[in-house]
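Below is one structure, written out as structure tokens; comments come after it.
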Amino acid sequence: METKNIMIVGVGGQGSLLASKLLGHLLMAQGFDVKVSEVHGMSQRGGSVVTYVRYGEKVFSPVIDKGQADYIVSFEALEAARWLPYLKKDGQIVTNTQQIDPMPVITGAAEYPENIIDQIKATGAKVDALDCLTLAEQAGSSKAVNIVLLGRLSHYFDLPEDEWMKSLEANVPAKFLDMNKKAFELGKNFA
26 METKNIMIVG VGGQGSLLAS KLLGHLLMAQ GFDVKVSEVH GMSQRGGSVV TYVRYGEKVF
86 SPVIDKGQAD YIVSFEALEA ARWLPYLKKD GQIVTNTQQI DPMPVITGAA EYPENIIDQI
146 KATGAKVDAL DCLTLAEQAG SSKAVNIVLL GRLSHYFDLP EDEWMKSLEA NVPAKFLDMN
206 KKAFELGKNF A
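Read in order, the letters of the sequence shown are residues 26 to 216 in this note's numbering.
In structure tokens:
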């Protein structure tokens, strides 16, 4: 099996590190060699954060180059656009439609681009966009956006749902487990 590449992109404080940890755990449990690498700017709230998850029979490097990502999982629409050059020709983007203004927009030095999802689709990229924040709030916490995204991503993997649940159980504190399972289901079953 050739190595598969997943990029998790977002803004600091959104739970992208937990998402990559869950994915790494899930894929290792399936017997894959997995490399997870954090490459981030400012991991504080508001800074751009990128995590690479690579898996296959034997993975030598944790780094994903331009044009190599099979999947880009994005916590925020503009981040999906920013990392688009890394997507393979037939790659898949799974993105939250939520807009989080980056510093240049907050300070007034720039404007948030309009219709950013449509602009990404116009490049020919396959985009699965959903309002993860609303779904996370339905599950019980705005912090569950990461799990909603993983639920959506699970569509593109031929793995039984109970394997995803085992990874959640191994990585999420018990008191948050039911809420996270609900968030996963909402993302997975979003129509």
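Think of the CB as a built atom: it goes at the ideal place given N, C-alpha and C, for glycine as much as any other residue.
Excluding the five sequence neighbours on either side, which residues of its own chain have a C-beta within less than 7 Å of the C-beta of residue i, listed in chain order?
{"i": "A106", "result": "I141, Q144 and I145"}
{"i": "F209", "result": "I172, L175, G176, W189 and L193"}
{"i": "F57", "result": "Y80 and G81"}
{"i": "L47", "result": "L175, S192, L193 and N196"}
{"i": "P181", "result": "A small fix is needed here, since residue 181 is Tyr in this sequence, not Pro. Cβ neighbours of Y181 beyond the five flanking positions: Y96 and Q117."}
{"i": "S166", "result": "M204"}
Leaving out five residues on either side along the sequence, give the residues of the same chain with a beta carbon under 8 Å from the beta carbon of residue i.
{"i": "K206", "result": "M190 and L193"}
{"i": "W108", "result": "M32, V34, V75, A94, I97 and S99"}
Using CA coordinates, which residue listed in the options is at the minimum distance from residue i?
{"i": "N86", "options": "F100, S99 and E63", "result": "First, the residue type needs correcting, since residue 86 is Ser and not Asn in the sequence shown. Among F100, S99 and E63, the Cα nearest to that of S86 is on E63."}
{"i": "K168", "options": "G40, L184 and S179", "result": "G40"}
{"i": "F201", "options": "A164, F215 and E27", "result": "A164"}
{"i": "T28", "options": "L52, I125, A154 and N121", "result": "L52"}
{"i": "E11", "options": "K46, L112, Q123 and L211", "result": "There is no way to answer for residue 11, as the model of the chain reaches only from 26 to 216."}
{"i": "K151", "options": "C157, V98 and L158", "result": "V98"}
{"i": "L178", "options": "L160, T159, G212 and A135", "result": "G212"}
{"i": "V84", "options": "M26, D153 and D183", "result": "M26"}
{"i": "D203", "options": "H180, A161, A216 and Y181", "result": "A161"}
{"i": "D183", "options": "Q55, A135 and Y137", "result": "Q55"}
Which word fits residue i, buried or exposed, when buried means at least 16 other C-beta atoms lie within 10 angstroms of its C-beta?
{"i": "H104", "result": "Note on identity: in this sequence residue 104 is Glu, with His being the wrong assignment. Counting Cβ neighbours within 10 Å, E104 comes out buried, since at least 16 surround it."}
{"i": "G49", "result": "buried"}
{"i": "T132", "result": "exposed"}
{"i": "G233", "result": "The requested residue 233 is not part of the displayed model; the chain covers only 26 to 216."}
{"i": "E101", "result": "buried"}
{"i": "N214", "result": "exposed"}
{"i": "P185", "result": "exposed"}
{"i": "M32", "result": "buried"}
{"i": "V88", "result": "exposed"}
{"i": "P129", "result": "exposed"}
{"i": "A199", "result": "exposed"}
{"i": "A147", "result": "exposed"}
{"i": "A154", "result": "buried"}
Below 6 Å CB to CB, which residues in the same chain sit around residue i once its five sequence neighbours on both sides are set aside?
{"i": "V197", "result": "N205"}
{"i": "P110", "result": "K91"}
{"i": "C157", "result": "N121, V170, V173 and L174"}
{"i": "V61", "result": "S45, G49 and V78"}
{"i": "Y96", "result": "I31 and Q117"}
Any heavy atom of the ligand PLP closer than 6 Å to the CB of residue i?
{"i": "N214", "result": "In terms of ligand content, the structure shown is empty, and the ligand PLP therefore cannot be addressed."}
Quick check: the stretch 26-38 against the stretch 72-90, are there 3 or more CB pairs under 8 Å?
yes
Touch check for the stretch 112-119 and the stretch 86-95: three-plus C-beta pairs under 8 Å?
yes
Could I get the ranges of all uninterrupted beta strand (DSSP E) runs contained in the stretch 87-155, with 3 residues as the minimum, in chain order?
94-99, 112-121 and 151-155
Which full runs of the beta strand (DSSP E) of 3+ residues lie inside the stretch 35-68, going along the chain?
58-65
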